[in-house]
Amino acid sequence: METLSSLGLMAGAALVAATLLPAQSEAVFLGLLAAKTVDPLLLFLVASVANTAGSVINWWLGRLIAKGGIERLPARLRPDPVRFAKAQSWFARFGWPSLLFAWLPIGGDPLTFVAGSLNYPLGRFVLLVFIGKAARYALLWAGWAAAS
Numbered sequence: 000m001e002t003l004s005s006l007g008l009m010a011g012a013a014l015v016a017a018t019l020l021p022a023q024s025e026a027v028f029l030g031l032l033a034a035k036t037v038d039p040l041l042l043f044l045v046a047s048v049a050n051t052a053g054s055v056i057n058w059w060l061g062r063l064i065a066k067g068g069i070e071r072l073p074a075r076l077r078p079d080p081v082r083f084a085k086a087q088s089w090f091a092r093f094g095w096p097s098l099l100f101a102w103l104p105i106g107g108d109p110l111t112f113v114a115g116s117l118n119y120p121l122g123r124f125v126l127l128v129f130i131g132k133a134a135r136y137a138l139l140w141a142g143w144a145a146a147s
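Numbering-wise, numbering that gives the first Met the number 0 puts 5 at position 6 of the sequence shown, and it's gapless, one number per residue.
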């Protein structure tokens with residue numbers, strides 16, 4: 000039962016952290032690694048998949064904007080216009096490779112939102128975002144293992 004609740008906590012933290020809501024999942028990931036209550040590989044997979052799923056939510060919200068404008072989103076979900084413009088500029092300048100950096104704390108979440116608003120293909124989006132997010136959790140895991 001401890002494993003299931005730990006994985007649920009990780010999934011929830013990783014999902015929310017990848018949306019436009021302010022949250023972080025790294026502390027939960029490292030804390031659960033340190034607690035040793037769950038298989039580290041399973042924790043890594045859950046964190047990576049859930050964090051990618053949160054980015055898919057952003058992509059979908061971006062698609063809503065593309066179809067009907069930002070006004071269709073509830074006020075709480077509307078992106079900051081300045082951050083959104085910066086993310087659009089970044090995506091226009093760097094294109095698909097920028098999705099490998101969707102894990103970045105500043106700019107990563109709006110970038111995934113922009114990709115959806117620009118109708119970037121979902122399959123490619125998921126693959127690139129997953130690679131970047133999994134690499135981040137892998138580095139955290141490796142750093143924790145080296146320090147333990």
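Positions of the beta carbon are idealized from the N, C-alpha and C atoms, including for glycine.
Nearest-angstrom Cα distance between residue i and residue j?
i, j, result
"residue 148", "residue 133", "Only positions 0 to 147 of the chain appear in this structure, which leaves residue 148 out of reach."
"residue 48", "residue 23", "15 Å"
"residue 142", "residue 14", "22 Å"
"residue 162", "residue 136", "The structure shown does not extend to residue 162, since the chain is modelled only from 0 to 147, so the question has no answer here."
"residue 121", "residue 58", "8 Å"
"residue 54", "residue 147", "31 Å"
"residue 114", "residue 92", "13 Å"
"residue 46", "residue 66", "31 Å"
Check each candidate in the options and name the one with the smallest Cα separation from residue i.
i, options, result
"residue 4", "37, 18, 29 and 20", "37"
"residue 1", "136, 65, 53 and 42", "42"
"residue 9", "118, 39, 146 and 138", "39"
"residue 90", "124, 146, 144 and 66", "124"
"residue 81", "101, 105 and 52", "105"
Are the CB atoms of residue j and residue i within a distance shorter than 9 Å?
i, j, result
"residue 116", "residue 56", "no"
"residue 118", "residue 77", "no"
"residue 44", "residue 139", "no"
"residue 101", "residue 94", "no"
For residue i, does the count of other Cβ atoms within 10 angstroms reach 16, so buried, or fall short, so exposed?
i, result
"residue 50", "buried"
Query raised in the report: Would the region 75-87 and the region 29-39 be scored as touching if the rule is three or more Cβ pairs under 8 Å?
Result: no
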